[in-house]
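Following numbering that gives the first Met the number 0 from start to finish, the sequence shown increments by one per residue and tops out at 98. Ideal Cβ positions, reconstructed from N, Cα and C, are used throughout, including at glycine. Inspection log for the structure reproduced underneath, given as structure tokens.
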Amino acid sequence: MARRVVSIAESAVRDLEEIRDWYAAQDAPEVGERIVGEVLASVDQLAEFPESGRVVPEFDVTWLRELIRPPFRIVYRVDDKRVRIVRVWRSERLMGKVP
Numbered sequence: 000m001a002r003r004v005v006s007i008a009e010s011a012v013r014d015l016e017e018i019r020d021w022y023a024a025q026d027a028p029e030v031g032e033r034i035v036g037e038v039l040a041s042v043d044q045l046a047e048f049p050e051s052g053r054v055v056p057e058f059d060v061t062w063l064r065e066l067i068r069p070p071f072r073i074v075y076r077v078d079d080k081r082v083r084i085v086r087v088w089r090s091e092r093l094m095g096k097v098p
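As structure tokens, then:
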């Protein structure tokens, strides 16, 4: 199977900025930067292995999946040519509506 293009939705960019900003407000900006870097490194695998994450249990549809990188869940959509990161949330947070 061909590599897929991995992109990041604006909603996920905002999530990552909020994570970074929260840690900066806690006087630990290096932790926020490290976590954001780890999240971005985690999504690299999706170009070749888009189904490596589990199906999001709240929706049970094969095209909406997630990688669990405690304490975060990286939620993404999969289609034939692309993987799109849609949210990066705390692991305990449940999704409300399909992005």
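Beta carbon of residue i nearer than 9 angstroms to that of residue j
i, j, result
"arginine 76", "valine 87", "no"
"isoleucine 18", "isoleucine 34", "yes"
"valine 55", "valine 30", "no"
Under the three-state DSSP convention, the category residue i falls into
i, result
"arginine 21", "Looking at the sequence provided, one finds tryptophan at residue 21 rather than arginine. Residue state, collapsed to three classes: helix."
"arginine 86", "strand"
"glutamate 50", "coil"
"glutamate 57", "coil"
"arginine 2", "coil"
Rounded separation between residue i and residue j - CA only
i, j, result
"arginine 83", "arginine 13", "14 angstroms"
"proline 61", "arginine 89", "For the sequence presented, residue 61 should be read as threonine rather than proline. C-alpha separation (whole angstroms): 21 angstroms."
With 16 other Cβ atoms within 10 Å as the buried cut-off, status of residue i
i, result
"glutamate 65", "buried"
| message | Under 8 angstroms: do the segment 46-53 and the segment 1-9 share three or more Cβ pairs, one atom per stretch? | response | yes
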